[in-house]
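Only one structure is covered here, and it is reproduced in the block below.
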Amino acid sequence: MTAEDYPTPPRTVGRDAVFVRHRMKNPKVAASAYIAPTAVLCGDVTVGPHSRVLFGAVITAEGGPVEIGEHCVIMENAIVRGVPQHPTRLGDHVLVGPHATLTGCIIEGDTRIATGAVVFNGARIEVGAEVEFHAVVYVNTVVPAGTAVPMGWFAGGDPAQLVAPSDWERIRDLIGPLDYPGTVFGAAGTDTTVPDIARRYARGLALHNRDHVLPPGQHDQLPEQPTTRERPDQRKPRARRPISQASVSDDRV
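So the number in this note's numbering is just where the residue sits in the sequence shown, counting from 1, plus 40.
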């Protein structure tokens with residue numbers, strides 16, 4: 041049997057994928073994109089031309105939009121989330137590895153976010169920077185163009201300082217000024233407790249009670265012509281910078 045013996049299936053975008061109207065917004069997908077079965081797109085999500093969202097990935101606009109550019113790949117079981125005050129934007133040519141989590145961040149383009157990496161609210165990954173396996177980019181952190189966050193390491197600050205996971209004292213010094221409670225929970229300088237935070241989240245997520253799963257083929261479709269939007273940073277990627285003593289803790293692993 042040859043390829044010619046198989047019937048050509050009709051051209052569809054995201055056949056059997058789950059498209060959800062949330063907060064009165066439908067996902068928008070370019071006709072040339074591919075959304076795998078079992079992937080979920082929820083709310084104000086845009087997927088650009090020739091991008092791919094693979095099995096089990098979840099892209100959800102939880103009060104902030106998610107914009108994915110051209111020729112991006114969101115791999116299996118990755119999570120990409122937009123939140124209030126922090127939209128998530130991926131430029132062109134971004135690879136997001138399996139089980140990576142991106143929340144409320146900007147990925148400027150030409151970038152690989154490796155398996156299991158986490159990029160937090162307010163972070164920015166500049167053009168050509170990379171985040172290696174299971175690395176963490178903390179809130180309000182800027183990873184400069186051409187920088188690689190090593191496997192399992194912590195990046196914090198503007199510009200990012202890179203710290204080995206064993207150097208907890210250095211990590212603790214960096215995270216305080218970056219204001220995780222205020223950035224993520226809106227609880228800076230308060231006595232807000234975990235039960236208070238959980239109740240606040242539960243109230244916001246109650247809006248999912250009004251979601252509507254769209255019938256097959258009823259999501260919004262982007263025009264197929266190439267996009268003309270400007271990338272967040274038009275600078276050419278610089279060669280990857282070697283990790284220096286100035287930006288990395290002395291306790292190397």
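Idealized CB from N, CA, C, for every residue including glycine.
| Item | Value |
| --- | --- |
| Classification of E170 by the beta-carbon crowding that lies within 10 angstroms, buried from 16 upward | buried |
| Buried versus exposed call for W193 [16 or more other C-beta atoms within 10 Å across all chains shown] | buried |
| Residues near R55 in its chain [Cβ-Cβ closer than 6 Å; skip 5 each side] | none |
| For H111 and V123, the rounded distance between their alpha carbons | 24 Å |
| For A118 and A157, the rounded distance between their alpha carbons | 10 Å |
| DSSP three-state assignment for F225, whether helix, strand or coil | helix |
| Entirely enclosed alpha helix (DSSP H) segments - the segment 78 to 122, minimum 4 residues | none |
| From N66, A246, A195, A175, residue whose alpha carbon lies closest to that of P105 | N66 |
| Inter-residue Cα distance where the pair is D219 and E148 | 23 Å |
| Span separating the alpha-carbon of V93 from that of Q201 | 31 Å |
| For D150 and D207, the rounded distance between their alpha carbons | 30 Å |
| Distance between L81 and G96 (C-alpha atoms, nearest Å) | 11 Å |
| Rounded straight-line distance, which links the Cα of R212 to that of A73 | 42 Å |
| Within 9 Å, strictly: CB atoms of G109 and Q125 | no |
| Cut-off 6 Å between Cβ atoms - residues of its own chain near H252, not counting five sequence neighbours on either side | R61 |
| Reduced DSSP category for Y74 - H, G, I as helix; E, B as strand; rest coil | strand |
| Within 9 Å, strictly: CB atoms of E166 and V183 | yes |
| Spatial neighbours of L130 in its chain, beta-carbon cut-off 6 Å, leaving aside the 5 residues before and after | I108, G109, C112, I147 |
| Enclosing beta strand (DSSP E) for R61 [first to last residue] | 58 to 61 |
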